[in-house]
Each structure stands twice: as structure tokens, then as C-alpha cells.
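Peer 1: If you read the protein sequences in the order shown, they are chains D and Z.
Numbered by our numbering, the letters in the first sequence go through residues 361 to 787 in order.
Numbered by our numbering, the letters in the second sequence go through residues 269 to 407 in order.
Glycine included, C-beta positions come from ideal geometry on N, C-alpha and C.
Bear in mind the structure is a predicted one, so any value in this text is a computation, not a measurement.
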Amino acid sequence: MKLAADEERMLAGELGPGVQRAIELLIAVGEAYEAEEMIDISSSHILSPEMQFWNTGQLSRWARELVAEYVEGAETFRVPVTINPIFLEPKIAERLGYPQSYIEEMRESLAYGMKTYGKLGVIPTYTCCPFYIYPSRQGEHLGGAESVAVLFNNSVFGAMVNRESGPTALATALTGKTPLYGMHLPENRHGQAIIELKDDLDPRTFTYADYNALSYYVGKMVVDKIPIFLGLPKNMSIAQLKYLCAPLGVSAGLPMLHAVGVTPEAPTVEAALGGKKAEMTVEVGKKEINMTFEELRSASERVINYVFLGCPHVTIPEIKEIARLLQGKKINSDVIFIVGTAKPLRLLAQEMGLVDIIQDSGAMVVSGMCSAGSFLRRGVPEGFKVGVVATNAAKAAHYLQVGGVQVWFGTMQKCINAAIKGKWEAA
Amino acid sequence: MESITLKGRGASKGAVEGEALVIHDTIAFLSDISITEGIITCPQSKFKGQSVSDKILIFPTGKGSTADPYGFYMLKKAGKAPKAVINVDANPTTVAGAIVSQTPMVYKLDKNPFDIIETGDHVLVDGNKGIVVVTKRET
């Protein structure tokens, strides 16, 4: 790989051993993709293993050791850097009845992460949707991980970013560089699969859960081909686009989609295809959507213990809708109902009086936490029974299901009804 | 004993030798292998229950999530990682995992490793030079 002068200095260890390891890692990964050079990025988004994945026990200590190796000697991140959520707030862990020793360990791991990344100048976003706070623009090269952030940045803003891994995301933040491959090259960003909606579907009436099911189903069909969605409303909201993006990241692992008329590189289907012929066409109708709703359900017990909304983190219009549906109601005392969002959005929603309405019902609005999924799969104390979960998010439903948790998947309205009644109803 | 040398690309440095374990599945370290025990746990895999620890692990390519390299790293810290990895094509998450866990890795060999290497063969992996030396198991 051809290196610029500043990259050579990093490789020689002139910026410390951590930055040296970081650039070595990026070079090796770049070479696996046959990248010929590095490019400068304008921002990055990191995820922290000791805050988001393992914050107790030996695994958390090992995660911290890994981070320590890479930040060794670094004084600052070289570009603006945002960060993914932590997996569980200690105060929520208390409410769940987790053991005190466990909560103490969590606090220690979180304190390590906040101090380490804080010193390097991280913007403490703690959200999977950093684009709410730090948007990008067309043609901008970014570094970083988190599949929904990658999908949204590529597909909605037209920025250029690969689906990187946790360690390489940190390496891009420490170096301000990423190898030039994949989504950073315009010719790799065209779509290959056409997605058509059958006549029995009217996207103007889609719920968020419908967008989730559509995206999840399409991911399974296209596998590694970038999909081009036809016939979706040009005025899709940020929340709808977020749910169009997120499930594709778990059912296919793709970094990008095209929505014709919305994605900057897809004013027309021809432009999205880049002058080539489509390699496949997928038709989606009511039958496929219904089948996907069923596939995302893994629960059989109707009594539920948790309701999660906010995977990915909810927008203010969603918070408003949740507040409207919960106004004057009380959720079942056996149910823990969590609405997850990013800190600035929660603050604004509070100012709007929405947080009070939701919390008066017994539900919680939390910020900075991977509310719908992470914490019920990993790091649950031994002997702790998770129970049955309801959500309107395919990404959460998928991961919970993989983790062996019983999940009901349905609309926001249905999840809220379940929270109030304490059970998931058939109709 | 006759040996066969394959030339490819080194993804992660270091040279080790050991016994081959040939797996025909694509592997995600974080979700298909118990990261504290080194046992393949993927229910669909016919290799379920086998240990990757201290083996020269040969599989077609990785399919990891963005957190997958952490899984490889945890395996190493737990003392249950493979000694080295040989892939046909390298998924960048596997490359990142091999590097952060300081495990030699070679890929893009001049011959298909699945045609040459069988489980039980003695294999040397040199990630510095990007070579693999196979000594067939005596039958």
C-alpha cells in the first residue's frame, strides 16, 4: 500500500504505540480488500467493547486491555468522533434487580470507557444514530462502525463509509484515516437488486413495523446485493428511513441501499444501477410482509415482561406518538417498558412535556443505552430470568431471538397495548 | 516426509505450526464459537462441538459482524484461540480479529487449501512471508 508522509510517521511509531498499532491494523485490513492507499476521513463513529458489549467480569477486563493497547500514547482523536450506546444504565440494572456486585462492576467498566474516550475528545453521543447529532453530507468520507449509522450515512446523506469493525473504527478515529476500498469508491455504490412492491401493498399506510419487516425480508433475499427500492414515498420521514435501513444490517450485513427519489445517488432507477442491468428482482407483497412478521416472532407465552421501543433510537415524532398512545394510561405493574433515545432528543422531549406523559404511565424514557436488545443478550447475571419481550424493531427482535429470548414483534400500538394489559393479544 | 508449500498473502504476522482442522462453513467468531471455551456452537454446523483451540484453523471465509474481532480477541485471552488461520478469501473482520489477537493468518493461496489440507495434517503457517507448508498426516 502506498502511504502518505503522515501515515509513514504513524507507522514508524512517531505518534505513539497505539496509533502505530492502529495504522498497522488499517493497512492489513485495507490490503485484504486490495486498497492501494489510505484516505483522510472527516469524522468517525466508534463502539466500545467494554461499554457496549462486556461490562462485567473477565471479558470486560480483556476488552479494556484491548482498548488500552490501541489508545496507548494517543493524545487526541484526529477527527470528530461520536460513540455508540452503552448496553445498560446502572440505574436500570438496579430496577431489574441485578446483583449489587454486578452493578458495581458495570460502573467500573463504564467509568473506564468514559474517561478513556473522554480524554481523546469523543463527542459523548451514546447513540446508534449519531446522524441525529452529527450529520454528514454527500461525498464525504467517514470512518466507523454501527450498521444503522453506516446504512443511513451512505443511503440517506450520500456520505461514503464502509461497514467497519469495532477495532478498525477505533483505529480510524485515532489516525483520521481509512483504507480506500468498498463504499469509498463510487463504482461500488451502485445497486444490483430491484425491489418492487406488489399492488396489494400501499407504502403510504406502512407502520414502522411494516418498514422493519420490508427491510428484513429484502435483506434475506438480496444477501450481498445492494437493493434499489422502487415505489417508496419520496417524503419518507427520518424515522421511516431509519427503519428501512436498520434491519438490512442484520439480515444482510449490507452497507447501503438505494431508495429511488430519496438516496442522493438514486434520482432514477437507471442512476442507481449505474448503467448496468439489475442482477435480480425481488417482489414484496402482503404475503411476504406477513411471513416476516411471523418469522420475527419467537414467543409463544402471551404474558410479557418487557416492551422495548427505540431500536434504533427513537426520533422526537416517535416519542410524541408514544406519549399520545400512553396519555392517561398506566402500564401493567409487571412490565418494564423502555423507550430508548439519544440524550439531546430526550432533553427536548422533556421540555415538550412528552417524557412526563410517558413516565406517568410507568414507562421509562432512557438515553444513551442500547435499549432494545443488547442487554438482554449479553451479560445477564447468572440465574436471572429475562422473560418475554415485545418490540416493533426487527433488529432487536432478530438479536434477541438469536440470544434465545422469546420475542413478540408487532406495531408500536400493539406493543403499547401489550404493556398496558401485560400480555400480547392475538388480534 | 514430503511437504507441500502454498504461497499466498499474510494478513497477520507470526509463524506457527500445528495440527489442521478443516471447517467447510463460513465462521463468525462471536456467534459461532464459544469465546471462553473455543468450541463450535453453531447449531447448523456439522462441526458443532469441535474445539478450534490450538488448531491451524482452515475455513473458506469469515462472516463476522462489526464486533466479531472482539470475539477472536476474547478467545485468545481465554487461551482457546486457534494457533493460526488460513482462509481462501479474507473477510476484513477476520483479518482485524487475527491482528488484534496476534494470531498468524494467511489467505489467497496459489492453490485451494481445501484440495490440499485435511484435518489432522501438520501445517506451518508463516504470516510474515504469506506461506503455508503442509505435511500430510501418515495414513
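May I ask you to report which of helix, strand or coil DSSP gives Ala-553 (chain D)?
Peer 2: Sequence index remark: in the first sequence, residue 553 (chain D) carries index 193 (1-based). Strand.
Peer 1: Measuring only the C-alpha atoms, how far is Ala-659 (chain D) from Ala-612 (chain D)?
Peer 2: As a position in the first sequence, residue 659 (chain D) is number 299, starting the count at 1. As a position in the first sequence, residue 612 (chain D) is number 252, starting the count at 1. Straight-line Cα distance between these residues: approximately 23 angstroms.
Peer 1: Residues of chain D with CB closer than 9 angstroms to the CB of Asp-336 (chain Z), please, in chain order.
Peer 2: The residue given as residue 336 (chain Z) occupies position 68 in the second sequence. Ser-525, Gly-526, listed in chain order.
Peer 1: Select from D:Asn-444, D:Val-725, D:Val-740 the residue whose C-alpha is nearest the C-alpha of Phe-668 (chain D).
Peer 2: Sequence index remark: in the first sequence, residue 668 (chain D) carries index 308 (1-based). Phe-668 (chain D) has its Cα closest to that of D:Val-725, out of D:Asn-444, D:Val-725, D:Val-740.
Peer 1: Just checking my contact of Cys-671 (chain D) with Ala-753 (chain D) at CB under 8 angstroms: how many whole Å lie between their CB atoms?
Peer 2: Position 311 of the first sequence, counted from the start, is the residue given in the question as residue 671 (chain D). Position 393 of the first sequence, counted from the start, is the residue given in the question as residue 753 (chain D). Confirmed, Cβ separation roughly 4 angstroms.
Peer 1: For Leu-592 (chain D), decide whether its Cβ has a neighbour in chain Z, counting only Cβ atoms nearer than 8 angstroms.
Peer 2: Locating residue 592 (chain D) in the first sequence gives position 232, counting from the first residue. Answer no: the Cβ-Cβ gap between Leu-592 (chain D) and chain Z never drops below 8 angstroms.
Peer 1: Hey, does Pro-360 (chain Z) have any beta-carbon neighbour from chain D nearer than 8 angstroms?
Peer 2: By 1-based counting over the second sequence, the position of residue 360 (chain Z) is 92. Cβ-Cβ to chain D under 8 angstroms: yes for Pro-360 (chain Z).
Peer 1: Determine which residues share a DSSP beta bridge with Pro-593 (chain D) and list them.
Peer 2: Start at 1 with the first residue of the first sequence, and residue 593 (chain D) comes out as number 233. Answer by DSSP bridge pairing: none, since Pro-593 (chain D) is not bridged.
Peer 1: From the DSSP secondary-structure annotation, give me the bridge partner or partners of Arg-277 (chain Z).
Peer 2: Residue 277 (chain Z) sits at position 9 when you count from the first residue of the second sequence. Answer is Z:Tyr-375, bridged to Arg-277 (chain Z).
Peer 1: For the stretch 498-517 of chain D, which residues have a CB atom closer than 8 angstroms to at least one CB atom of chain Z, in sequence order?
Peer 2: Per Cβ criterion, the list reads Ala-505, Glu-506, Ser-507.
Peer 1: Give me the Cα-Cα distance between Ala-471 (chain D) and Ala-702 (chain D), rounded to the nearest whole angstrom.
Peer 2: Position 111 of the first sequence, counting from 1, holds the residue named residue 471 (chain D). Position 342 of the first sequence, counting from 1, holds the residue named residue 702 (chain D). Taking the straight line joining both Cα atoms gives about 19 angstroms.
Peer 1: Comparing the CB of Gln-460 (chain D) with every heavy atom of the ligand NAD, is any distance shorter than 7 angstroms?
Peer 2: The ligand NAD is not among the ligands present in this structure, which contains no ligands whatsoever.
Peer 1: Counting only Cβ-Cβ distances shorter than 8 angstroms, please list the residues of the stretch 306-335 of chain Z near chain D, keeping chain order.
Peer 2: Lys-331, Gly-332, Ser-333, Thr-334, Ala-335
Peer 1: Between the stretch 369-397 of chain D and chain Z, which residues of the former have CB atoms less than 8 angstroms from a CB of the latter, in chain order?
Peer 2: Taking 8 angstroms as the upper bound on Cβ-Cβ separation, chain Z lies near residues Glu-384, Leu-385, Ala-388, Val-389, Glu-391, Ala-392, Tyr-393 of the stretch 369-397 of chain D.
Peer 1: Quick one: what does DSSP say Asp-300 (chain Z) is sitting in, helix, strand or coil?
Peer 2: Locating residue 300 (chain Z) in the second sequence gives position 32, where the first residue counts as 1. DSSP places Asp-300 (chain Z) in helix when its eight states are reduced to three.
Peer 1: If I follow the unbroken alpha helix (DSSP H) through Leu-363 (chain D), where does it start and stop?
Peer 2: Along the first sequence, read from residue 1 onward, the residue named residue 363 (chain D) stands at position 3. Where Leu-363 (chain D) is concerned, there is no enclosing alpha helix (DSSP H), given that its DSSP letter is neither H nor E.
Peer 1: Could you name the residues of the same chain whose beta carbon sits closer than 8 angstroms to that of Gly-339 (chain Z), not counting the 5 residues immediately before and after it, in chain order?
Peer 2: Here residue 339 (chain Z) refers to the residue found at position 71 when the second sequence is read from its first residue. Counting only Cβ-Cβ distances below 8 angstroms, and skipping sequence neighbours, we find Ala-296, Phe-297, Leu-298, Ser-299, Ile-301, Ile-303, Gly-332, Gly-365.
Peer 1: CB-CB under 6 angstroms to Thr-362 (chain Z), same chain, minus the five flanking residues each way: which ones, in chain order?
Peer 2: In the second sequence, the residue the question calls residue 362 (chain Z) occupies position 94. Within the same chain, Cβ atoms closer than 6 angstroms to the Cβ of Thr-362 (chain Z) are found at Gly-330, the five residues on either side in sequence being excluded.
Peer 1: Run down chain D in chain order and give the residues with a C-beta less than 9 angstroms from the C-beta of Lys-404 (chain Z).
Peer 2: On the second sequence, position 136 is the one that residue 404 (chain Z) refers to. Neighbours of Lys-404 (chain Z) in chain D, taken as residues whose beta carbon is under 9 angstroms from its own, are absent, since the nearest beta carbon is some 29 angstroms off.
Peer 1: Quick one: what does DSSP say Ser-515 (chain D) is sitting in, helix, strand or coil?
Peer 2: For the purposes of this step, residue 515 (chain D) is taken as residue 155 along the first sequence, with counting starting at 1. Residue state, collapsed to three classes: helix.
Peer 1: Can you check which of these residues, D:Leu-511, D:Arg-381, D:Gly-390, D:Trp-414, is closest to Ala-434 (chain D) by C-alpha distance?
Peer 2: Walking along the first sequence from the start, residue 434 (chain D) turns up at place 74. If we check each option's Cα against that of Ala-434 (chain D), D:Arg-381 comes out closest.
Peer 1: Okay, do the stretch 281-296 of chain Z and the stretch 319-329 of chain Z touch, 3+ Cβ pairs below 8 angstroms being the bar?
Peer 2: yes
Peer 1: Taking contact to mean 3 or more Cβ pairs, one atom from each stretch, closer than 8 angstroms, check whether the stretch 446-457 of chain D and the stretch 543-559 of chain D are in contact.
Peer 2: Taking 8 angstroms as the limit for Cβ pairs, the verdict is that the stretch 543-559 of chain D does not touch the stretch 446-457 of chain D.
Peer 1: Answer yes or no: does any C-beta atom of chain Z fall closer than 8 angstroms to that of Phe-413 (chain D)?
Peer 2: Here residue 413 (chain D) refers to the residue found at position 53 of the first sequence. Among the CB atoms of chain Z, one or more fall inside 8 angstroms of the CB of Phe-413 (chain D).
Peer 1: Excluding the 5 residues flanking Gly-499 (chain D) on each side, which residues of the same chain have their C-beta closer than 8 angstroms to its C-beta?
Peer 2: Taking the first sequence and counting its residues from 1, one reaches residue 499 (chain D) at position 139. Correct list, in chain order: Gly-518, Ala-519, Met-520.
Peer 1: Rounded to a whole number of angstroms, what is the C-alpha to C-alpha distance between Pro-615 (chain D) and Met-543 (chain D)?
Peer 2: Locating residue 615 (chain D) in the first sequence gives position 255, where the first residue counts as 1. Locating residue 543 (chain D) in the first sequence gives position 183, where the first residue counts as 1. Distance between the alpha carbons of Pro-615 (chain D) and Met-543 (chain D): 8 angstroms.
Peer 1: Using a Cβ-Cβ cut-off of less than 8 angstroms, give me the residues of the stretch 272-288 of chain Z that come near chain D, in sequence order.
Peer 2: So the close ones are Arg-277, Ala-279, Ser-280.
Peer 1: Which residues in the same chain as Met-388 (chain Z) place their Cβ atom closer than 7 angstroms to its Cβ, once the five residues preceding and following it in sequence are excluded?
Peer 2: Against the second sequence, residue 388 (chain Z) aligns to sequence position 120. Inspection of the sequence shows that residue 388 (chain Z) is occupied by Gly rather than by Met. In chain order, Glu-287, Ala-288, Arg-405 place their CB closer than 7 angstroms to the CB of Gly-388 (chain Z), counting only its own chain and leaving out the 5 sequence neighbours on each side.
Peer 1: Could you compute how far the alpha carbon of Lys-783 (chain D) sits from the alpha carbon of Cys-775 (chain D)?
Peer 2: Working through the first sequence from its first residue, we reach residue 783 (chain D) at position 423. Working through the first sequence from its first residue, we reach residue 775 (chain D) at position 415. Their backbone Cα atoms lie some 9 angstroms apart in a straight line.
Peer 1: Since Lys-537 (chain D) is in the beta strand (DSSP E), which residue starts that stretch and which ends it?
Peer 2: The count along the first sequence starts at 1 and reaches residue 537 (chain D) at position 177. Per DSSP, Lys-537 (chain D) belongs to the beta strand (DSSP E) from 537-539.
Peer 1: Which word fits Met-373 (chain Z), buried or exposed, when buried means at least 16 other C-beta atoms lie within 10 angstroms of its C-beta?
Peer 2: What you label residue 373 (chain Z) is simply residue 105 of the second sequence in a count that begins at 1. The residue in question, Met-373 (chain Z), is buried, as its Cβ has 16 or more Cβ neighbours within 10 Å.
Peer 1: Whole angstroms are fine: how far does the CA of Gly-688 (chain D) sit from the CA of Thr-532 (chain D)?
Peer 2: The residue you call residue 532 (chain D) lines up with position 172 of the first sequence. The residue you call residue 688 (chain D) lines up with position 328 of the first sequence. Distance between the alpha carbons of Thr-532 (chain D) and Gly-688 (chain D): 48 angstroms.
Peer 1: Of all the options D:Asn-513, D:Ser-420, D:Glu-506, which has the alpha carbon lying nearest to the alpha carbon of Leu-617 (chain D)?
Peer 2: Position 257 of the first sequence, counted from the start, is the residue given in the question as residue 617 (chain D). Checked all of D:Asn-513, D:Ser-420, D:Glu-506; the closest Cα to Leu-617 (chain D) is D:Asn-513.
Peer 1: What do you get for Asn-595 (chain D), buried or exposed, if any count of 16 or more other CB atoms within 10 angstroms of its CB means buried?
Peer 2: Here the question's residue 595 (chain D) lines up with position 235 in the first sequence. Classified as exposed, Asn-595 (chain D) has fewer than 16 neighbouring CB atoms from the shown chains inside 10 Å of its CB.
Peer 1: Looking only at C-alpha atoms, which of Z:Glu-386, Z:Asp-378, Z:Pro-311 sits nearest to Ser-273 (chain Z)?
Peer 2: On the second sequence, position 5 is the one that residue 273 (chain Z) refers to. In the sequence as displayed, the identity of residue 273 (chain Z) is Thr instead of Ser. Checking every option, the nearest Cα to that of Thr-273 (chain Z) belongs to Z:Asp-378.
Peer 1: Examine the Cβ distances between the stretch 453-465 of chain D and the stretch 404-412 of chain D and report whether three or more of them are shorter than 8 angstroms.
Peer 2: no
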